[in-house]
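Enquirer: Residue numbers (this note's numbering): -15 to 88. Ideal placement from N, C-alpha and C gives every residue a C-beta, glycine not left out. Source: prediction; values computed, not measured. Once you've had a glance at the structure underneath, I'll fire off some questions.
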């Protein structure tokens, strides 16, 4: 299958600390859509679990001087709302190893 992931910035949002997420702070909120190009059936399956053709993704820099990564994602499904969180991140390299994880 071939598709393009299309991100549209919706502004920044401060994500509050929670028991589910290792990340809290400023994040870029984006709308994520999939543009189907090839390899898909012409009609969508009636068994598709996704209720909408887009998701909302929050992207942030977890460690200083690193690239941003997805820290949260929301999507509506037939079973209810689906929400995923970044629960752990580890940075290795020339300096000390750094960890970010959900407090338990």
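Which residues bound the beta strand (DSSP E) around residue 59?
Expert: For this step, residue 59 is matched to residue 75 along the chain shown. Residues 53 to 61.
Enquirer: Identify whether residue 4 lies in helix, strand or coil by the three-state DSSP scheme.
Expert: As a first step, residue 4 is located in the chain shown; it is residue number 20 there, counting from the start. Coil.
Enquirer: Closest to residue 109 by CA distance: which of 27, -9, 52 and -11 is it?
Expert: Outside the displayed span of the chain (-15 to 88) sits residue 109, for which this structure offers no information.
Enquirer: To the nearest angstrom, report how far apart residue 17 and residue 50 are at their CA atoms.
Expert: Within the chain shown, the letter at position 33 stands for residue 17. Within the chain shown, the letter at position 66 stands for residue 50. Cα to Cα, residue 17 sits roughly 25 Å from residue 50.
Enquirer: Buried or exposed: which applies to residue 44, given that a residue is buried once 16 or more other Cβ atoms fall within 10 Å of its Cβ?
Expert: Taking the chain shown and counting its residues from 1, one reaches residue 44 at position 60. Classification of residue 44: buried, given that the 10 Å Cβ count is 16 or more.
Enquirer: So what does residue -7 bridge to, in DSSP terms?
Expert: Here the question's residue -7 lines up with position 9 in the chain shown. Bridge partners of residue -7: 14.
Enquirer: Using a Cβ-Cβ cutoff of less than 7 Å, which residues in the same chain neighbour residue 24 once the five nearest sequence positions on both sides are dropped?
Expert: The sequence position of residue 24 within the chain shown is 40, counting from 1. Cβ neighbours of residue 24 beyond the five flanking positions: -15.
Enquirer: Measure the CB-CB distance between residue 56 and residue 72 and report whether it falls below 7 Å.
Expert: Along the chain shown, one-based indexing puts residue 56 at 72. Along the chain shown, one-based indexing puts residue 72 at 88. No, the pair does not count as a contact, with Cβ atoms beyond the cut-off.
Enquirer: Should residue -11 go down as buried or exposed, given a rule of 16 or more other Cβ atoms within 10 Å for buried?
Expert: Translated into positions along the chain shown, residue -11 becomes position 5. By the neighbour-count rule (16 or more Cβ atoms within 10 Å), residue -11 is not buried but exposed.
Enquirer: In whole angstroms, what separates the C-alpha of residue 2 from that of residue 74?
Expert: Mapped onto the chain shown, residue 2 falls at position 18. Mapped onto the chain shown, residue 74 falls at position 90. So the two alpha carbons sit approximately 19 Å from each other.
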